[in-house]
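Working notes for the structure below.
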Amino acid sequence: MQLLLDQTTPDKTFLNAPLVQDVAELSTPYAYIGIPYGPPYHVTDMTLCAGGADEVRLESHRRHYALNWAHYDFDFDDALFPDGVPTVSDCGQVENDFRNPDAIWDAGIEKIEAIVNNGAVPLVVGGFDSIPPIVANALKGEKINILHIDSHLDFRHERYGVTQGYSSPIRRIRELPWIGDIVQVGLRGAGSARPQEVQDARDSGNELYTAWQVHDMGAQAILETLDRPGRWLITIDCDGLDTSIAPAIGAREPGGLTMHEARTLVAGLAKLNKVAALVFTEYQPGLDIQGITAHTIVRLMMNVIGNQRQPAPEIPFTG
Ligand SMILES: [Mn+2]
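Numbering (our numbering), first residue to last: 249 to 567.
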């Protein structure tokens, strides 16, 4: 079927990395990729975040990181690519026909799985928050822990008859047998969760930290609890971050994680070589203010690439 929109060929690649459309040819330890949309509730869920990955690509050029591969970066005490050879490829977008929402899930898993099977760490920009289970499913060969940064719990079984929507991603991930620990950070305010869902999340073993606890105890104290067996899928709903660094979101809630706090967690796991994937969701480029949100996403991704020079070997999941 002919797509109405070419979703596969970005004008500029992330950090000016080589474009690798055929994932079988991937040879770098990192792979940037867009998942324009996940299973929707409403028709606008197919559009509002769809340009996010491209806008992050552009922002990596506007802030000159794409040009300055050899410049010293204080976030990781080295150049991004010290040898001048990029360690990240741009794999374009997960290609989907928006007229066939039922195919989104499997198409996404197939492409992300191909990246993972090539030994690369996916760096993903969504898409609403229904996409993290796609990435978690693609990591099924190993024991995986989840660090979920979000103002919301995302533990509804279903909404509007949909079980794969953006109120349910952590519930869907919890059901996967290869998933170990789930740590949810940045919770605040009221979202779609009711008291029962919070109880369900706790009963299933999820560890919950409100944003206020992070501010009180410091992100470093949480980081120190995360050095556990298994690698981590870090999934960041941009509304888990503070509005000052991530204004381009629909469900705004004051008091989110600061750049310092988010960077402490992301760079901290990267320094342990334990980041298996990094996912950003809910970024709506049409709501951004001079690229502030895109810039935050670029910097947190660079903090993984620059701090995790050699991703740790996976611990195979054997059931
Ligand atoms: Mn959220």
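Just so you know, even glycine gets a beta-carbon here, dropped at the ideal spot from N, CA and C.
Mapping DSSP to helix, strand and coil, what is residue i?
i: A560; result: coil
i: M249; result: The predicted model places M249 with a pLDDT of 42, which falls under 50 and marks its position as unreliable; any figure quoted below should be read in that light. Coil.
i: L306; result: helix
i: A524; result: strand
i: W426; result: coil
i: E501; result: coil
i: E311; result: Sequence inspection shows Arg at residue 311; the Glu mentioned does not correspond to that position. It is coil, neither helix nor strand.
i: M549; result: helix
i: D464; result: helix
i: G437; result: coil
i: W353; result: helix
Since residue i and residue j should fall inside the 8 angstroms C-beta cutoff, what is the C-beta to C-beta distance between them, to a whole number of angstroms?
i: G504; j: G567; result: The Cβ separation is near 37 angstroms, so there is no contact.
i: I482; j: I379; result: That belief does not hold up - the Cβ atoms of I482 and I379 are roughly 14 angstroms apart, past 8 angstroms.
i: G439; j: A499; result: 7 angstroms
i: G554; j: F324; result: 3 angstroms
i: I537; j: P495; result: 5 angstroms
i: N264; j: A314; result: 4 angstroms
i: W480; j: V523; result: 6 angstroms
i: V527; j: L548; result: Actually they do not touch by this definition, with Cβ atoms about 11 angstroms apart.
i: V333; j: L401; result: Not confirmed; about 42 angstroms, so no contact.
i: Y408; j: Y285; result: Y408 to Y285, Cβ: 16 angstroms. No contact.
i: A449; j: R404; result: Incorrect: roughly 10 angstroms between the Cβ atoms, too far for contact.
For ligand 1, is there any heavy atom lying closer than 7 angstroms to the beta carbon of residue i?
i: A499; result: yes
i: E445; result: no
i: D377; result: yes
i: H290; result: no
i: H508; result: no
i: D293; result: no
i: H400; result: yes
i: D487; result: yes
i: E655; result: Any property of residue 655 remains undetermined from this structure, which presents the chain solely from 249 to 567.
Ordered along the chain, which non-local residues of its own chain (more than five positions away) have a Cβ less than 6 angstroms from that of residue i?
i: V268; result: L274, S337, C339
i: E303; result: P533, A542
i: R420; result: P381
Please tell me whether residue i and residue j are closer than 8 angstroms, where the distance is taken between their beta carbons.
i: L406; j: S399; result: For clarity, residue 406 is Glu in the given sequence; the question names Leu instead. No, they are not a contact pair.
i: I394; j: I430; result: yes
i: I281; j: V342; result: yes
i: D293; j: F376; result: yes
i: E509; j: A469; result: no
i: Y278; j: V369; result: yes
i: G300; j: Y531; result: yes
i: G389; j: E562; result: yes
i: L535; j: D475; result: no
Return the chain-ordered list of same chain residues with a C-beta closer than 7 angstroms to the C-beta of residue i, the five sequence neighbours on each side being excluded.
i: S452; result: R422
i: A386; result: I357, I360, E361, V364
i: L306; result: K260
i: L252; result: Because the pLDDT of L252 is 47, which lies under 50, any placement of that residue in the model is unreliable, and the number read from its coordinates should be weighed accordingly. None.
Tell me which same chain residues have a C-beta within less than 8 angstroms of the C-beta of residue i, skipping the five on either side of it?
i: L471; result: T512, L513, G516, L517
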